[in-house]
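Residue numbers (this note's numbering): 14 to 632. Let me begin by presenting the structure, written as structure tokens, before commenting on it.
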């Protein structure tokens, strides 16, 4: 107890000293630097653990035959992960990026402290033992948790916390991929709401710091070795467009299928039932298709660097397809088909991982298959370099799945050093994005929040509505009446109320109608009618009811369609809760917008000041 008190007093002393000597804006820059160091260390630790576990388990595998341990390792991995999450963490840590978006939307960017370490160890066990997911989403959640909790420790406001959460995400992507530009772009495209000079500088500091630490610890080489043997030429532009469309369709299949499979797992409440289904599905798929083991980065390296059929055929090592080179395309198409099942089974069965790596993996295979088929059947008469299109496919799938075309372009360019293919990377990414938005308006990260109306978007009006809570606009000071009450009792209720609306409920508190004061004004003072009329005789059916689970957009739509200024609120069982007035919503909306723009203007003002100082050399 004494130690805790001493720590608190030291922290309070430091906070007082900081307030006197360091301005908030300068302190944010210091925090962004610290976030960069911490996220890079976490990313390197996760990569080390994954590689160590994988090498330890698979180093003695025979590449020419079937390895039955593929049926065992993935099951053990998700079992241990599920046990770790239930017994140690005791919280849901899946869908890392979705949790960040939810924290920004609903929790004032506050992320639980255990997320600083829990996702690292959980995903290391899952992926190292063969779980067909990526380590990037867990490390992004870890980085964001580091930023959020550092900000909380030093008593930063929720607006600064949101920025630090973004810094953590940028540092995580930068640290694990050694891709500082992609880290910043990912945060701005997927997580952040507005780009200002004041927010850009901390993001850059964190991202550069994280990449530098990763360079020091793991070397300066790109994550995937890639040599541009065939520079891009104009006659391949139609093929790049076609590849983009193909990647968009594959991304659509991946997104919809994953959502469908996840819904199946949600039907089961028992974690052991989920484990049995997910474990069986995952182990069988990995046994049949060993490239599904883990992140799949070995397969990506093979397809990016292979030069002949003999080298590409090694992708079928350890499988039942070994030695059947004529089935290479069929084998890869089956992997594209079943990868989503393996990834969903991993997370649904109790594992922990993200879809960064599956997107890169699928994109690489999709691009390779596209170019291989074009060359085999001589479609168009132009040679299509397989390795180039495998690289471009990675950008296309990432763009389609995440709805982040810039992230796809910069990440793949930095991952491989493939800057000579910048133009085709952009073409494929844009075409993939344009294709998938025809079918799916939300990314795989945001669709879960969008369905529940909890997603903050770049659209300021919608963002303001999202930030408004239903609880803050419900009014409960209405006099409730019963349908069997006579007019005399109704008049007494009117005398006790300052409202002109009266909800009518039955014995189960279910809303059955409304009494509008203006409708009974002509009879309420006629005493001879007091015992002749009952509430049920003059009550009316409400034009619409607001359900507590409705989003604020849905609420405003109901007001617009009915032309009402007041609507009753009920729960999903039609139990009466209260009323919502349009004026109350508009008032709350205006206040939210004032706060929203005030933050943006302050950041812009700060950014302009920094810019002016840099130009004119003022301190």
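The C-beta atom is built at its ideal place from N, Cα and C for all residues, glycine as well.
Comparing alpha-carbon positions, the option among 141, 371, 398 and 353 lying closest to residue 72 turns out to be 141. If you draw a 10 Å sphere on the C-beta of residue 534, you find fewer than 16 other C-beta atoms in it, and that means exposed. In this structure, DSSP gives residue 371 a helical state, which the three-state scheme calls helix. For residue 402, the enclosing alpha helix (DSSP H) stretches over residues 399–415.
In this structure the stretch 504–516 touches the stretch 525–532; the number of beta carbon pairs closer than 8 Å is three or more. For the set 195, 61, 171 and 160, the Cα lying nearest the Cα of residue 133 is the one of 61. Contact annotation, residue 382 with residue 345: C-beta distance approximately 5 Å; criterion of less than 8 Å satisfied. Contact between the stretch 222–231 and the stretch 369–376 is absent: fewer than three C-beta pairs spanning the two stretches fall below 8 Å. At least 8 Å separates the beta-carbon of residue 249 from that of residue 28. Beta-bridge analysis with DSSP links residue 591 to 582. Setting aside the 5 residues that flank it on each side, residue 448 is surrounded in the same chain by 258 and 261, each with a C-beta closer than 6 Å to its C-beta; the list follows chain order. According to the DSSP secondary-structure assignment, residue 499 is paired through a beta bridge with 547. In the structure shown, the three-state DSSP call for residue 528 is strand. Contact check between the stretch 565–578 and the stretch 493–504: fewer than three CB pairs, one atom from each, fall below 8 Å, which does not count as touching.
Residue 23 sits exposed, since fewer than 16 C-beta atoms from the chains shown fall within 10 Å of its C-beta. The beta carbon of residue 438 lies closer than 8 Å to those of 404, 405, 408, 421, 422, 425, 426 and 431 in the same chain, with the five residues before and after it left out.
Residue burial is scored here from C-beta neighbours: residue 485 has fewer than 16 other C-beta atoms within 10 angstroms and is therefore classed as exposed. For residue 138 against residue 90, the beta-carbon gap comes to about 6 Å, under 8 Å, which counts as contact.
Around the beta-carbon of residue 392, fewer than 16 other beta-carbon atoms lie within 10 Å, marking it exposed. In this structure, the straight-line span from the alpha carbon of residue 559 to that of residue 599 is close to 16 Å.
Residues of the same chain with a CB within less than 8 Å of the CB of residue 307, apart from the 5 flanking positions on each side, are 63, 67, 140, 141, 143, 144 and 145 in chain order. Pairing residue 317 with residue 401, the inter-Cα distance amounts to about 8 Å. Taken through DSSP and simplified to helix, strand or coil, residue 392 comes out as coil. The Cβ atoms of residue 113 and residue 154 lie closer than 8 Å to each other. Exclusion of the five residues before and after residue 298 leaves 145, 305, 351, 354, 355 and 358 as the residues of its chain whose Cβ lies within less than 8 Å of its Cβ. By the C-beta criterion, the stretch 82–98 is judged to be in contact with the stretch 281–301, since at least 3 inter-stretch pairs fall below 8 Å. Taking a C-beta distance under 8 Å as the contact criterion, residue 384 and residue 399 qualify as a contact pair. In this chain, the beta strand (DSSP E) harbouring residue 515 covers 514–518.
In the DSSP assignment, residue 360 falls within the alpha helix (DSSP H) that extends over 341–361.
Taken through DSSP and simplified to helix, strand or coil, residue 553 comes out as strand. Around the beta carbon of residue 59, 16 or more other beta carbons sit within 10 angstroms, so the residue counts as buried. Pairing residue 548 with residue 495 gives a Cβ-Cβ distance under 8 Å. Considering only 276, 129, 212 and 315, the residue with the shortest C-alpha distance to residue 240 is 315.
About 5 Å separates the beta carbon of residue 136 from that of residue 148, a gap short enough to meet the 8 Å contact definition. By the Cβ neighbour-count rule, residue 34 is exposed, with fewer than 16 other Cβ atoms within 10 Å of its own. With distances taken between CA atoms, residue 96 lies nearest to 285 out of 47, 493, 285 and 489.
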